[in-house]
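Numbering (UniProt numbering), first residue to last: 15 to 497.
Backbone N, C-alpha and C define an ideal beta-carbon position, used for all residues, glycine too.
Just so you know, these numbers come straight off a predicted model, no measurement behind them.
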Ligand code: NDP
């Protein structure tokens, strides 16, 4: 009587994932480098299901039914390689190793290729929802071979959270696709949080609303188009009062945002792919700016010229709360459109065939960016799987059209008051950039041709050209002149 699946790495995530699997009626083998975690799990949660504890990797592997399914849930990076190296000599062809940690997708591609050579399947999977999600139902984004999903999918789908009867788990695509999509999910989460923070800042500085009043505003927003986990918890955080001082909690927290790195990975990848994810990039940079404590202190000490907020009055204040809501919504559409563009570009580059509508579907529950909004994204990609931009979908195009007067007003007001809104502003610049029939990139090309002979193309003829800038300014055709 062998176990259906195994989990090695029983820190908070692995332990909760194993408990979730056991609670769904699967026999789960459990193992951890240091045995104490195994014993703790059995002592504290052993009655929740059919656990098969092992204190050695050999026993762990021997306790699994074939093809063996092993979930590795250890610290991302070298620890994952160490565990894979320990496991693989004990495994056979057809066995499946699942990395459910937050690996970089390039590492996943490398590991998948290495295990494939041994005839084994390697599944890099995104798992979202933190420790609570792991226990109660995460959103799961598995990559790897389709064949491995046949063996693995039913168990993963059984432990994933469900929305409208659909599990938030689906096969994403070959090799690193699962971890890539999880990475972009985290990047979008960065952008979404930055936009929410800007909305808060604008209303607090611009209208002088208190955190408690703003909690009510976010609560109200959560009953409309913006309904989402992040907006919901924004209200909770803003309403929270610090027990020690009686002050609004948000005022006793140091204003330096930290990052574990997935946002940075997303932007690095976007740079390689050449996809403008300005919303995510601005969010990563805003965190970097907030964390530049010494530089900020030096600026505070000297003081740099410019407006420092000040409340809006009269007509300027009228309708401003709703204008910010609309600006938030429009900026959010842009940030998500950019994130999905990045998934599209990677899917094409690596041949993954990612179904974008399905990604929106499995992000509706379990994960941090879960939102009503994702239903709309799913509908958009279902209606047109080849949609060139989410902004072109009829629903989003008209939603942004309706919001844009407010959006422009909010960005203009922010600039006027000196309130930094890199997310709102860059989203609007992106939108306007896409709309323009002629961009000043023509001038950039002209400059590149002058200083570097980088050549240019003409609007009215085929070919590439160069002007003899240091000669008689005549134009020379540069391509296939000899043919
Ligand atoms: P940690 O990232 O803190 O990793 C601790 C676990 O890794 C322990 O089981 C530890 O074993 C094991 N480990 C570390 N080095 C080695 C090694 N060289 N050989 C064998 N085992 C090793 O645990 P978490 O539970 O927080 O996260 C697990 C994974 O899940 C990570 O990749 C993380 O990025 C990812 N993740 C985490 C989320 C979260 O909210 N925390 C959300 C989604 C994903 P030992 O007990 O012996 O030290």
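Is any heavy atom of the ligand NDP found at a distance shorter than 6 Å from the C-beta of residue i?
| i | result |
| --- | --- |
| residue 537 | Residue 537 lies beyond the residue range present for the chain, which begins at 15 and ends at 497; the question has no answer from this structure. |
| residue 33 | no |
| residue 115 | yes |
| residue 379 | no |
| residue 89 | yes |
| residue 267 | no |
| residue 329 | no |
| residue 59 | no |
| residue 96 | yes |
| residue 141 | yes |
| residue 46 | yes |
| residue 51 | yes |
| residue 374 | no |
| residue 27 | yes |
| residue 93 | yes |
| residue 144 | yes |
Return yes when the Cβ of residue j is within less than 7 Å of the Cβ of residue i, no when it is not.
| i | j | result |
| --- | --- | --- |
| residue 55 | residue 44 | yes |
| residue 420 | residue 349 | no |
| residue 79 | residue 64 | no |
| residue 195 | residue 372 | no |
| residue 170 | residue 183 | yes |
| residue 21 | residue 98 | no |
| residue 153 | residue 167 | no |
| residue 383 | residue 247 | no |
| residue 96 | residue 66 | no |
| residue 417 | residue 344 | yes |
| residue 175 | residue 192 | no |
| residue 305 | residue 270 | yes |
| residue 102 | residue 115 | no |
| residue 437 | residue 164 | no |
| residue 289 | residue 394 | no |
| residue 347 | residue 410 | yes |
| residue 499 | residue 299 | Since the first residue shown for the chain is 15 and the last is 497, residue 499 is missing from the structure and cannot be characterised. |
| residue 273 | residue 301 | yes |
| residue 186 | residue 378 | no |
| residue 179 | residue 380 | no |
| residue 145 | residue 52 | no |
| residue 477 | residue 491 | yes |
| residue 229 | residue 249 | yes |
Counting only beta-carbon separations shorter than 7 Å, does residue i have a partner in chain B?
| i | result |
| --- | --- |
| residue 322 | No chain B is part of this structure, which consists of one protein chain only. |
Would you mind giving the Cβ-Cβ distance between residue i and residue j, rounded to the nearest angstrom? I have them listed as a contact below 8 Å.
| i | j | result |
| --- | --- | --- |
| residue 92 | residue 366 | With 8 Å as the limit, residue 92 and residue 366 do not qualify as a contact, their Cβ atoms being about 26 Å apart. |
| residue 441 | residue 293 | 6 Å |
| residue 87 | residue 23 | 4 Å |
| residue 251 | residue 264 | 6 Å |
| residue 29 | residue 62 | That pair is no contact at about 11 Å. |
| residue 435 | residue 217 | Actually they do not touch by this definition, with Cβ atoms about 12 Å apart. |
| residue 117 | residue 90 | 5 Å |
| residue 33 | residue 149 | 6 Å |
| residue 35 | residue 173 | 6 Å |
| residue 480 | residue 467 | 6 Å |
| residue 75 | residue 83 | At roughly 11 Å, the Cβ-Cβ gap does not stay under 8 Å, so residue 75 and residue 83 are not in contact. |
Considering only heavy atoms of the ligand SAM, does any lie closer than 6 Å to the CB of residue i?
| i | result |
| --- | --- |
| residue 339 | Looking at this structure, you won't find the ligand SAM anywhere; what it does contain is the ligand NDP. |
Self-check item: Touch test, the stretch 252 to 267 against the stretch 279 to 289, Cβ-Cβ under 8 Å, three pairs minimum
Solution: Contact between the stretch 252 to 267 and the stretch 279 to 289 is absent: fewer than 3 CB-CB pairs across the two stretches fall below 8 Å.
Quiz item: Any contact of the stretch 107 to 114 with the stretch 137 to 151, i.e. 3+ C-beta pairs under 8 Å?
Solution: Output reads yes: the stretch 137 to 151 touches the stretch 107 to 114.
Quiz item: Looking at C-beta atoms only, is the number of pairs between the stretch 308 to 327 and the stretch 427 to 439 that lie closer than 8 Å three or more?
Solution: The answer is yes - the stretch 427 to 439 touches the stretch 308 to 327, with three or more Cβ pairs under 8 Å.
Quiz item: Does the pairing of the stretch 66 to 78 with the stretch 205 to 218 give three or more beta-carbon distances under 8 Å?
Solution: The stretch 66 to 78 is not in contact with the stretch 205 to 218.
Quiz item: Quick check: the stretch 382 to 399 against the stretch 155 to 166, are there 3 or more CB pairs under 8 Å?
Solution: Contact fails: fewer than three Cβ-Cβ distances are below 8 Å.
Quiz item: For the stretch 343 to 359 against the stretch 187 to 202, are there 3 or more C-beta pairs whose distance is under 8 Å?
Solution: The stretch 343 to 359, when compared against the stretch 187 to 202, does touch it at the 8 Å Cβ threshold.
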